[in-house]
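Novice: Next up is a structure, given as C-alpha cells.
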Amino acid sequence: MISRVAPWQAIGRWLRATVSPWVMSLARCAGIAALLAIYADAPAEEKFGRLFFSADERRVLDDLRDEPPQPVGPKKDPNDKTAVAPVVDVISFDGKVERSGGGGTTIWVNGRPVLTGSKTVEGISIESSRGTNGETVFVLPPSDAGRTDFSLKVGQKIAVQSGKVLDSYEARAAEDAESVFAVEKPSAPDPAAGSDDAPQEGPGPSPGAPKPPATN
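363 is the number of the first residue of the sequence shown in our numbering; add one for each residue after it.
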C-alpha cells in the first residue's frame, strides 16, 4: 500500500537530507540580523536624564551642607537702635529643693519649678549656687534694658530694669510681684478739708460759762 505525502512534507524531507547543517545555521543568523535591522529603524524611546551629579554640583551641595543653619524669623536691622525690653519685669525666687546623691536641684521661679542648669519658659537660665551663701544665679537673654544676670536668695524678688531687690518679709502678701515694686504716688489733698486761707471758727463757749445778756 502506497501512502500519500503532502508536497511540502516531501520538500522538507529533501532539504533535511540534502542541505548541510552549516547552511541552516547561516539561515538562522540571517533571520536574526534582519530582525535587528527592523528594530533599529524604529523610533528611539525617551532617554532618562543623568542620574548622578557632576563634581561641581557635588561640591556645591557639600558647601551648603557644611554651612550653619540660618535663623528663622525676621532679620533685625543692625542700624536699629530701639531698646530690647527684658523678657520679664520681675523675678521671684519662691523656693529651692536640693536632692542628695546627684539628683539635681529644683527651684521655683515665678511660681514654676525648674531644674538648675536649665531654662524657664521665659528663657531665663538657672545656674548653680554661688559660694556658700545659698544664692542662685539667674541669667536673662541679652537685653538692652537693665542687667542680664542676678544672684538671689530664696524668698527674694527683683525688679529687672531697676535692679531693686526685696526680701520675703518686705513683700506684702496681699499684693503681687508687680505691685510690690510700684512707686507709691502721694495722695491728692482732700478738697473738703479746706485750705489755710479759709476763715477758722473760734472755740465755742464752755458749758459752765454765763450766757451774754440779750439786747433789745
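Note that beta-carbon positions come from the ideal geometry of N, C-alpha and C, so glycine has one too. None of the values given here were measured: they were computed from a predicted structure.
Who pairs with E460 in a beta bridge, going by DSSP?
Specialist: Its beta-bridge partners are T467.
Novice: Pick from L423, D511, R375, C391: whose alpha carbon is nearest that of E600?
Specialist: Nothing can be reported for residue 600, as the shown portion of the chain is limited to 363 through 578.
Novice: Which whole-angstrom value describes the C-beta separation of V471 and D456, a residue pair presumed to lie in contact below a C-beta threshold of 8 Å?
Specialist: That belief holds up - the Cβ atoms of V471 and D456 are roughly 7 Å apart, short of 8 Å.
Novice: Could you give the C-beta distance for V522 and D451, rounded to a whole number, given that I count them as a contact under 8 Å?
Specialist: With 8 Å as the limit, V522 and D451 qualify as a contact, their Cβ atoms being about 6 Å apart.
Novice: Measuring only the C-alpha atoms, how far is S487 from S416?
Specialist: Each residue's alpha carbon lies about 47 Å from the other.
Novice: Quick check on K481: buried or exposed, where buried means 16 or more other Cβ atoms within 10 Å of its Cβ?
Specialist: Flag for K481 reads exposed.
Novice: Give me whichever residues DSSP pairs with S487 in a beta bridge.
Specialist: Answer is K481, V501.
Novice: State yes or no: is the C-beta of I520 within less than 7 Å of the C-beta of I469?
Specialist: Cβ distance not < 7 Å, so I520 and I469 don't count as in contact.
Novice: For A521, which residues does DSSP report across the bridge?
Specialist: Paired residue(s): V452.
Novice: Rounding to the nearest angstrom, what Cα-Cα distance links E532 and S490 in this structure?
Specialist: Near 26 Å, if we compare the C-alpha coordinates of S490 and E532.
Novice: Is it true that the CB of V527 sits closer than 7 Å to the CB of K458?
Specialist: Not closer than 7 Å, so no.
Novice: Under the rule that 16 or more other beta-carbon atoms within 10 Å means buried, what is Q371, buried or exposed?
Specialist: Exposed is the call here.
Novice: With burial defined as no fewer than 16 other Cβ atoms inside 10 Å of the residue's Cβ, what is the status of L388: buried or exposed?
Specialist: Result: exposed.
Novice: So, with DSSP's three-state summary, where would you put V422?
Specialist: In the structure shown, V422 sits in a helix (DSSP, three-state: H, G or I).
Novice: Quick one: give me the first and last residue of the beta strand (DSSP E) that S513 is part of.
Specialist: Taken as a continuous stretch (DSSP letters only), the beta strand (DSSP E) holding S513 covers 511 to 514.
Novice: Would you please verify whether the beta carbon of V501 is less than 7 Å from any beta carbon of chain C?
Specialist: Note that chain C does not occur in the displayed structure, where there is just one protein chain.
Novice: Taking P503 as the reference, which of D424, E484, P369, Q518 has the closest Cα?
Specialist: For P503, the nearest C-alpha among the options comes from E484.
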